[in-house]
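Here full-length UniProt numbering is used: the first residue of the sequence shown is 1, the next is one more, and so on.
The beta-carbon is built from N, C-alpha and C at its ideal position, and this holds for glycine as well.
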Amino acid sequence: MVIAKCRFIDFCLSRVTARVRLRNSIFTLLLIFGLVGGIPAWAVDSFITVASTTSTQNSGLYEHVLPIFQDKTGIEVRVVAVGTGQAIRLARRGDADVLFVHHKSSEEKFVADGFGIKRYPVMYNDFVVVGPKDDPVGVKGMTDASAAFAKIADAEMPFASRGDDSGTHKAERKLWKEAKRDVKAASGTWYRETGSGMGATLNTASGMNAYTLTDRGTWLNFRNRGELVILVEGDPRLYNEYGVILVNPAKHPHVKKEGAQVFMDWLLSKPGRDAITGHRINGEQLFFVKEK
Numbered sequence: 001m002v003i004a005k006c007r008f009i010d011f012c013l014s015r016v017t018a019r020v021r022l023r024n025s026i027f028t029l030l031l032i033f034g035l036v037g038g039i040p041a042w043a044v045d046s047f048i049t050v051a052s053t054t055s056t057q058n059s060g061l062y063e064h065v066l067p068i069f070q071d072k073t074g075i076e077v078r079v080v081a082v083g084t085g086q087a088i089r090l091a092r093r094g095d096a097d098v099l100f101v102h103h104k105s106s107e108e109k110f111v112a113d114g115f116g117i118k119r120y121p122v123m124y125n126d127f128v129v130v131g132p133k134d135d136p137v138g139v140k141g142m143t144d145a146s147a148a149f150a151k152i153a154d155a156e157m158p159f160a161s162r163g164d165d166s167g168t169h170k171a172e173r174k175l176w177k178e179a180k181r182d183v184k185a186a187s188g189t190w191y192r193e194t195g196s197g198m199g200a201t202l203n204t205a206s207g208m209n210a211y212t213l214t215d216r217g218t219w220l221n222f223r224n225r226g227e228l229v230i231l232v233e234g235d236p237r238l239y240n241e242y243g244v245i246l247v248n249p250a251k252h253p254h255v256k257k258e259g260a261q262v263f264m265d266w267l268l269s270k271p272g273r274d275a276i277t278g279h280r281i282n283g284e285q286l287f288f289v290k291e292k
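In structure tokens, the structure reads:
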């Protein structure tokens with residue numbers, strides 16, 4: 001008799017759980033496609049925290065897309081914009097609900113280590129090498145970024161590096177490695193590490209009339225260019241992909257998984273993708289969405 005009652009209770013609980021999951025799934029879809037208006041913030045989570053990169057922040061992307069998302073869902077997104085390496089460390093500590101960065105192998109390791117549920121590719125643009133418009137080392141028009149880096153190093157021309165373990169910094173270090181040039185030995189001379197975000201590093205490069213590697217989105221939104229222009233672009237190795245990951249609630253039970261999931265689902269939905277591709281500066285598109 002007792003066993004039968006327990007089985008009945010388990011059956012009832014399983015039905016309730018299934019209904020809750022179905023309700024949440026339907027609710028998320030309604031939010032994403034704008035079929036529910038005036039949703040109060042407390043219906044899911046009043047706000048979520050996203051650990052992200054300075055490149056997405058400096059490009060103006062969040063200023064464009066987040067008000068659209070909040071208007072649809074009532075959920076405020078609070079962005080902590082740092083380098084990718086630091087953003088991953090924040091997420092590993094549970095100081096964010098969502099990770100939105102741009103270094104695929106580091107993101108995959110974050111998931112493999114159990115700190116994230118699954119990585120979803122969201123969008124991409126590319127990196128470019130900018131430098132003085134008179135281009136004293138003659139890299140303009142090159143499509144081999146590592147060869148361009150080798151010429152800059154051999155001429156010991158000023159180069160501003162983020163030096164902050166960001167996705168851009170990781171991409172830069174890979175190019176130096178492929179160029180077979182040891183820039184650590186040159187640190188503090190012609191090779192200057194700012195330890196800062198992309199906007200600050202571009203300001204340094206502008207002030208020094210130096211070369212640097214930047215994501216195109218930040219460059220297009222950057223105003224203090226001085227004598228800097230794009231010199232190197234089009235190398236397939238300069239491809240720059242962004243991924244989004246839900247921080248694992250099993251590691252950090254306080255993670256706001258409902259609101260975080262609504263945000264991620266929206267980013268990957270047509271309204272979210274349209275918001276991303278709709279972000280333009282002087283008519284030029286900054287990010288391109290990944291095809292499903």
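Backbone CA spacing between residue i and residue j [nearest angstrom]
i: P271; j: L286; result: 17 Å
i: D113; j: A51; result: 18 Å
i: M157; j: V137; result: 8 Å
i: V262; j: S196; result: 31 Å
i: I26; j: K109; result: Unreliable positioning characterises I26 in this predicted model, as indicated by a pLDDT of 46, which lies under 50. The coordinate reading is nonetheless provided below. If you take the alpha carbons of I26 and K109, they lie about 31 Å apart.
i: V65; j: I230; result: 27 Å
i: D215; j: D45; result: 32 Å
i: D165; j: T143; result: 25 Å
i: A151; j: A179; result: Correcting the residue type first, residue 151 is Lys in the shown sequence and not Ala. Cα-Cα distance, rounded: 9 Å.
i: P236; j: G141; result: 14 Å
i: residue 297; j: Y120; result: Summary: the structure shown does not reach residue 297, with the chain confined to residues 1 through 292, and so no result is reported for it.
Nearest-angstrom Cβ-Cβ length linking residue i and residue j, presumed shorter than 8 Å
i: Q70; j: V77; result: 7 Å
i: V289; j: I276; result: 6 Å
i: R173; j: A153; result: No, R173 and A153 are not in contact; Cβ-Cβ is about 13 Å, not under 8 Å.
i: Y242; j: F115; result: 18 Å between Cβ atoms; not a contact.
i: I48; j: G259; result: 4 Å
i: N240; j: Y124; result: 6 Å
i: V129; j: L213; result: 6 Å
i: L238; j: D126; result: 5 Å
Top-ranked residue by Cα proximity to residue i, from the options
i: H102; options: S55, V232, T73 and F47; result: S55
i: V232; options: I281, S196 and L175; result: L175
i: R89; options: S106, S187, F222 and T73; result: S106
i: G167; options: V82, V130 and R93; result: V82
i: A148; options: R216, D164 and G131; result: G131
i: T53; options: G207, E193, A250 and A96; result: A96
i: W266; options: K72, G60 and N58; result: K72
i: T218; options: E227, A200 and G226; result: A200
i: S59; options: P121, M198 and A145; result: M198
i: I281; options: R92, L228, T194 and R223; result: R223
Exposed unless 16 or more other CB atoms sit within 10 angstroms - verdict on residue i
i: A210; result: buried
i: Y191; result: buried
i: S161; result: buried
i: N248; result: buried
i: S206; result: buried
i: T204; result: buried
i: G74; result: buried
i: T189; result: exposed
i: R21; result: Confidence in R21 is poor, its pLDDT being 44 and thus under 50, which makes the residue's placement too unreliable to answer from.
i: K184; result: exposed
i: G163; result: buried
Residue i: first and last residue of the uninterrupted beta strand (DSSP E) it sits in
i: P132; result: G116 to P132
i: G283; result: Unbroken run through G283: none, as it is neither H nor E.
i: E241; result: Y239 to V247
Alpha helix (DSSP H) segment containing residue i, residue limits
i: N203; result: M198 to M208
i: Y62; result: L61 to T73
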